[in-house]
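Working notes, structure below.
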Amino acid sequence: MAMCFAFTVSALAQINVTGRVTDTDGLGIPGVTVVLRGTTTGVTTDVDGNYSISVPAGSVLQFSFIGMQTREITVTQAGVYNVVLAADQLLLEEFVVTALGIVREKKSLGYAMQEVSGDALVQTGENSLANTLTGKVSGLEVVRSSTGPAGSSKIVLRGFSSLTGDNQPLVVVDGIPMNNFTGAGNEGYWNRDLDFGNGMSDLNPEDIESISVLKGASAAALYGSRAGNGVILITTKTGQRKPGLGITFSASLGTESVFTHPDLQNSFGQGDEGIFDPLSNMSWGPQITGQMVTDWTGKQVPFTAYDNVGNYFDPGVSQNYALSFQQQYDKASIYTSFTRRDDQSVIPGTGLARTNLLTRAVANFGADERWTIDAKVQYINASAKNRPILGFNFSNTYYNIYTLPRSIDIRQLNPPVNELGQMVWFNARNDINPYWGEKYDLNFDNRDRFLLQGLVKYAVTDWLNAEVQTGTDLFTTNYETKLYAGGRHNPSGSYSLSKETFFEHNFSGMLTGNKDNLIDRLGVSATLGANVMMQESSNIGANSGPLEVPNLFAINNGISNPGVWEGFYQKRIASVFGLVQFNWAGYFFVDATMRNDWSSTLSIENRSYFYPSLNSTLVFSEMLESMDVLLPRWFTFGKIRASFAQVGNSLDAYQLFNTYGIGRDPLGNTVANIGNVLFDPNVRSELITSREFGVDLRFFQNRLGIDFTWYRQNATNQLINLPMDPLSGFGARKINAGDIQNQGIELMLNGRILQNPAGLNWTAQLNFSRNENSIIDLYEDIEMYFLGGFDHLRVEAVVGGGYGDIYGSAFRRVTDESSPHFGRMLLSANGYPQATTEREFLGNQNPTGLLGFTNTFSYKGLTFGFAVDGRLGGSIFSSTQAYLQRLGLAAVTAPDGKRDQMVVDGVIANGDGTYSENNIPIGAQQYWWTVAFTGNLGINEANMYDATSIRLRNINLNYNLPRRWFAGMPIQGVNTGVALNNVWLIRSHIHGLDPESVYGTRTNAIGFENSAPPTSRIFLFNLNVSF
Amino acid sequence: MKKIINIAFIFITGGLLLASCSEDFFDVNTNPKAASFEQVQVEYFLNNSITGAQMDPHVAERQFILYWKTGSRQHRVNGVIATGTYNDGWTIDNYGYLSGWLKTATLAITVAQEKMAAGVEFPYTNNLMQIARIWRVYLMSEFTDNYGPMPIDGFQGENPEFKDVKTVYYFMLEELADAVSKIDVNVQNPAALAKYDKAYGFDYNKWVKYGNSMRLRLAMRLSEVDAAKAKAEFEAAASRPLLTDAADIFAVAEKPGWDALTGVMTREWNSQPLSATLNNLYIGLGGIHTEVQVPEAFHEKIKPADYMGLHFEEHYGVYTNDPTAGFLYDGLYPVMDPRAYKAFIIPGWFNNPDFNHYPSWTQDAFNTTRNLLDGDGNVLTSINGAGTWNAACLGAWGPKSARNQFAFYVGTNPRLAHGYRNSSSKRVFFGPWETHLLLAEAAVRGWSIPVNGKTAYENGIAASFAYFGVSQYLQDYLGSESYNRAGTSVKWEHTAEPPATETKYYINGYTGEQGTHTFRYPVNHMHHNGQTKNDLLTKIITQKYLAQLPWLPLEAWNDHRRLGLPFFENPSVELPITTLPTLTQANYMESRSSFFPQRVPYPSTLENSNPVGYAQALGHLGGPDAVLTHLWWAKK
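So the protein sequences, as listed, match chains W and D. In this text, residue positions in the first sequence follow the working numbering: the first is 24, and each later residue adds one. In this text, residue positions in the second sequence follow the working numbering: the first is -10, and each later residue adds one.
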């Protein structure tokens, strides 16, 4: 191809044209595309704005550059043609993709939405698509699970509104909804299911042209039922006209290291009450003074504290290779790409591999090119091995690493198997040796997924379009677990195998009419459509139970009959929807939408539900201009907007009537039961109502932009499982309940602080959002709804309070306001802290504000960017810290390397209503056992932390190699760069724990942390070559 | 324009919408995997309930091991319920599992009723329903004896009302009487039915006996608070067919694996050592000499009767009324209840097939030599536990426990026999010894029953001896006047109290010097205000406590809560135990019910899931929802 290209250029009778492209200030502009009109032949200007091209005499050259007006000149003879490009004032006319794929002028929107370009996502170097959005969109919070590279991340827009749902927005890829399942099935405290990642992370960020985030119900109303929490609208790339062949190869290589982990003390070793014990799992032993001890293997070793976290985790390596081709040929375009990603995480043995193939073709054809066809095939294979096991669980490697006594060297536990084939561990407990777990407690999953889309559009007249679209999200996931013999919990090992298939088909048709100046300056556009959604899922699995023949992983090799399970569901929704838009003179817009759904999962009486939306925008700057009111020069643009919307949602399948289930007992005899949720055939659809108001202002020729939104969203009639006393026969019942209100503001500032095409450019974006969540109502006299937690520690939705209020035991304090000791800690007669017996309010899990600050600097071919984001306020309970304290591992248990007796600051009741100052010394071990060992989680207040974190999320440096370096080569451009992720935790309060390592993403109780793997820092080198 | 209308027609009223409006399109909301009322049978539910209640290892460890066995001191776990604490996570699981078994038992009853109402029953349907009622009473008794107040009309699909314990007991007694009376023992079952009843294979005569004996058990529970009701119910049931033969035992076979039928005591990390409570009852009881019970190799380890052991006051908790506190016994006691060496195996007796080697991944069970350390962690002395017999008291020993590597170690302590731990036994829910000993207690109370007290007492011991395979010692045992460490003997007629003190000798573990020790029998203030140690009731409950081991720890705990019998030593309080606030270094020689667990608090989820019921429960409880709050029938 390269040869061919060279031949084409040299074969024609050519004239040589050179020159310099400058801006109105006379500065050269690098990177301007100079093409021969109507062809793909072209060059780009160098760093000084110079260009040189050979073209046939009489050709028309097109000079184009983003942000500048395109100019054309005719070259008649060889020579120098200097060109000046003026800034494009029409840049305001941004077009964005909105609901149903309708491309609209951003100024006409009556609701808040934000678009993020695909490039910006790729630059972050994050491996999960959800994570790439961190800090980029105001009001969008990414909740990470910290379960390694294949772990899930949850996107929350404008706060939590649903009590039991996953609170995630609907993900739509090229008009077709995509299943964005997230988190683990069971996120209980002790035994958790694996976190199988989230559906959206199957996508390859490099295939994405842009992501539109439709935050509120107004933006999303047209998507119906599932869009109540907003929509993430993903548009994949289509073929664009490219100079050269249009082939791009990119490679990135990353290394991963542990970013932060809990602070541990280094002064005291294994043992109890100051006495060394090589079998103890505690570090309340003697001070480390360089003495020799006999360790658990019987060897004499120097008594030392080890860096077990550092020694255990490996440097992770990630590799990503992408080859893509895109080009436009006349009226047809094609984009196709192949990507392979391999992630070996810092967690030994854990990895993710993903292969993506995408081909999308768009063509206009027929008479007057009235027909358009857009077809896409996307194939994904994602396979993960050894997803981390979390929870307070013998298999939780991280718990076992963190809680290893300080004076045990984890490397001594490797190799993890002794000569008898048994797991090696330093005492008789049933913990799992992390080295053993990574080799012999294995899980695998592999998903094959297709996302298909086909659309045919026909321009019936110049004002009327018709289109039909069909699309499918189809996947099969295979799961396998292998537990080898030799472990402690199940010494003979076990095996399980399961398979899940899912598909969702959507068929839709739309008619769109559009007439400007229908009456005077009134334009009207209307869309009428219908959609049919069919969803089906089935799964089957089997578990061998304990194995008969060790390490033979076959379902029928169990000591007992294998356990077999199966599941199936079907759901269908049919909808009709309509959209009417009025526009007056291009500055006043009113939109109305309506949608009616019929859902198969509700009763015949409640099957149909309707919901409308209405929004309006006034671009007052343009209105004033049209009324010949002169605006000050610094004022460029201004609009206000308001909207009201409702979105309904239906139920899952088979949740109207209780039925019997049949199973088998361990001897193979039949048993029967009824499910654990009591159904009510009369439940209705959910309803989310949202109101929104916003202002968008821009100043100084667009160099400063301010976008402000206020919203209020009420989620009512929620379909929840209200917990019941199991003695009722059911653990919960299905009801319509609740009125959960989220009210907040979003503020976004955009600045092009330095704008100098030939010199230094600086753009910055600052976004801030604040959401206030309140529970207006739950159900009848229910005041609290349990979201998650354990023992005394409970995360609740509380009527009159917030969603995610954290309650638990507190320190007992003097409550007599007349006492001089009011508010001080009330200690026991022995001088120990005491816990309240009642649960007290300890905090709320939600941040009071989210902050994102992104900066990009460019100088000629060099681009440098950094992003800071912050999660301000909110509380989190750390059970990891409680464990580390009770075991004598946490740094706070040996301040300054000492464990002196302490006198707790507080008072002791005299029994007559008066108090005396405490002066009773107690040992450090007694103190920490009291605060961290009472019940399961200690006195909860002791381990509540401010969840605020501010971090330098990433820095990146990219360089566009000067064109002249490879002049004469068939290379169109080379870009190389480095990126560093999780650079610096500027502020955090949890003694080394990353507040982002929350417990799970399916649970809505995110204010609770428990032994998650450490978060990682990724350094990425990337190279991008286009031909 | 016509074209436009055509297209509009296609899109809007076309195929998509037609499909949407069709009922077939929506008719996908019936779960193809679910069974209908016609498809389910009563025995499926009953099987589910009885099988589930065998407890899979997860719930067995929480309920059976950590609460029941620990609370009843039928093994030694130094903490949890024995020292007044509980674990909400375990409780949530236990409550959920037990509710599930109660639910399927109730479904067996309601489905049977509906089948009969619909006229689609089998000849045996009514009998199955009565059996389900008897079985449900047992499960209710598990529930109320754990928590206290509970509903008697649950499982109706709405949050039930909680009733006081008295109402619950009256209900259970009434249910038993009524259900037993409605079983028609002449119904012939089809052969295929038996597999759905893992206890009795639907042998109706056995269910009748079990139902009547259950009524004795529950009636006796009211002896201290409602003696008239207890007497009336007991007498009514005592003259009916009772569970008195070994063949009638209510027991379900365990099997290996990891499911509901897997043994309840199989988790290898629970070492299940002998408790000080058991040891004080075993030592000296029954007059059978150790020499005839153990192999010759151990005979040299048998110590004189007046030997206390090695005294290590800096290594053992001593702020306790355990009469053995402070001593390490470096040999075997000369006289032991013969069940002791069957139930618990002497450390170092490796060739005993019942020697338990758990955890199998360590050599801990085979390592019998451990150290006592000084305050700096240096080895003070090394002790070989092979052929020794120790059971240290519970408590917060403070630094003493860190210095003592012997007292809590696997290889140096007698631990429960392997046969109970490897899923090779049958889990016993009701043994014939219990019926006999209940009858004996009734006789002592002067109730009108068809057997005299002595016969019933001796029958109970005989049944237990038969179960443990030590019947060869029975006659000597029954005639023994030898006191155990709690001051109790076996012989029915021998009610003479032991002397207040006995002079014994000991060896100072630190210096090797011999010294004289004045041994005092412990005073149990909960029984006759500490006035008697060898009365008939103490004898009966001592025998019952030893006979119930290891399968019926809940009943052992029930008897202690009801009567304060047998003698439970106080946990040692070198450091304060915040969860037993009334036990202090000033009163540790007293024995008070506030020093011992009285119940399990409700799971924290109940307050949320059934606020009305929880409030009712608290009202009936008459105290805080705490471990130390007494149940209605308990000795305060």
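We put the beta carbon where it would ideally sit given N, CA and C, even for glycine.
Asked: C-beta contact flag for I270 of chain W and V196 of chain W at 8 Å; Found: no
Asked: Helix, strand or coil at A632 of chain D according to DSSP, with G and I counted as helix; Found: Here chain D covers residues -10 to 625 and nothing more, so residue 632 of chain D does not appear.
Asked: Assumed close pair K624 of chain D, R550 of chain D - CB separation to whole angstroms, cut-off 8 Å; Found: 7 Å
Asked: Own chain partners of F118 of chain W with C-beta closer than 8 Å, once the 5 adjacent residues on each side are dropped; Found: V126, R127, E128, K129
Asked: Helix, strand or coil at I334 of chain D [DSSP, three-state]; Found: strand
Asked: R987 of chain W classed as buried or exposed, judged by whether at least 16 other C-beta atoms fall within 10 angstroms; Found: exposed
Asked: Any chain D beta carbon closer than 8 Å to D496 of chain W; Found: no
Asked: N-terminal and C-terminal residue of the beta strand (DSSP E) that R817 of chain W is part of; Found: 816 to 821
Asked: Contact list for the stretch 286 to 311 of chain W against chain D, Cβ threshold 9 Å; Found: G294, D295, E296, G297, I298, F299, D300, L302, S303, W307, G308, P309
Asked: Beta-carbon proximity of T561 of chain W to G586 of chain W, cut-off 8 Å; Found: The sequence given here has Ser at residue 561 of chain W, not Thr. Not closer than 8 Å, so no.
Asked: Length of the line joining the Cα atoms of L250 of chain D and A42 of chain D; Found: 9 Å
Asked: Distance between A833 of chain W and E964 of chain W (C-alpha atoms, nearest Å); Found: 5 Å
Asked: Identity of the residue in W:I96, W:F86, W:N39, W:Q85 nearest P79 of chain W by Cα; Found: W:N39
Asked: Residue from W:G222, W:F576, W:T64, W:A274 whose Cα sits closest to the Cα of F498 of chain W; Found: W:G222
Asked: Any C-beta of chain W under 8 Å from that of R206 of chain D; Found: no
Asked: Proximity of R470 of chain W and A405 of chain W at Cβ, strictly below 8 Å; Found: yes
Asked: Cross-strand partners of S1077 of chain W (DSSP beta bridge); Found: Since the first residue of chain W shown is 24 and the last is 1050, residue 1077 of chain W is not available in this structure.
Asked: Reduced DSSP category for D651 of chain W - H, G, I as helix; E, B as strand; rest coil; Found: coil
Asked: Inter-residue CB distance, N402 of chain D and F809 of chain W (contact presumed, cutoff 8 Å); Found: Not quite, the Cβ-Cβ distance comes to about 42 Å (not below 8 Å), so this is no contact.
Asked: Contacting residues, own chain, Cβ-Cβ under 6 Å from N983 of chain W (five flanking each side not counted); Found: G884, N998
Asked: Short CB-CB distance (under 8 Å) between D167 of chain D and chain W; Found: no
Asked: Integer-rounded CB distance, given that V399 of chain D should sit under 8 Å from N343 of chain D; Found: This sequence places Asp at residue 343 of chain D; Asn is not what is there. No, D343 of chain D and V399 of chain D are not in contact; Cβ-Cβ is about 16 Å, not under 8 Å.
Asked: D337 of chain W versus S275 of chain W: straight-line alpha-carbon distance, rounded; Found: 19 Å
Asked: The stretch 297 to 312 of chain D touching the stretch 487 to 502 of chain W, judged by at least three CB pairs closer than 8 Å; Found: no
Asked: Pair within 8 Å by beta-carbon distance, S666 of chain W and Y610 of chain W; Found: no
Asked: Within chain W, partners of E150 of chain D - CB distance below 8 Å; Found: By Cβ distance, chain W contributes nothing, its closest Cβ being about 10 Å from E150 of chain D, past 8 Å.
Asked: C-beta contact flag for V31 of chain D and F239 of chain D at 8 Å; Found: no
Asked: Cβ pair T786 of chain W, F723 of chain W closer than 8 Å; Found: no
Asked: Pair within 8 Å by beta-carbon distance, N268 of chain D and A380 of chain D; Found: yes
Asked: Those residues which DSSP pairs with I81 of chain D across a bridge; Found: Paired residue(s): none; I81 of chain D is not in a bridge.
Asked: Assumed close pair P1051 of chain W, L910 of chain W - CB separation to whole angstroms, cut-off 8 Å; Found: Here chain W covers residues 24 to 1050 and nothing more, so residue 1051 of chain W does not appear.
Asked: C-alpha gap between G337 of chain D and Q394 of chain D, whole angstroms; Found: 17 Å
Asked: Contact with chain W by F557 of chain D, beta-carbon distance below 8 Å; Found: no
Asked: M992 of chain W classed as buried or exposed, judged by whether at least 16 other C-beta atoms fall within 10 angstroms; Found: exposed
Asked: Contact set between the stretch 585 to 597 of chain D and chain W, restricted to residues whose Cβ is under 8 Å from the partner; Found: S593, T594, L595, N597
Asked: Cβ pair V700 of chain W, G754 of chain W closer than 8 Å; Found: yes
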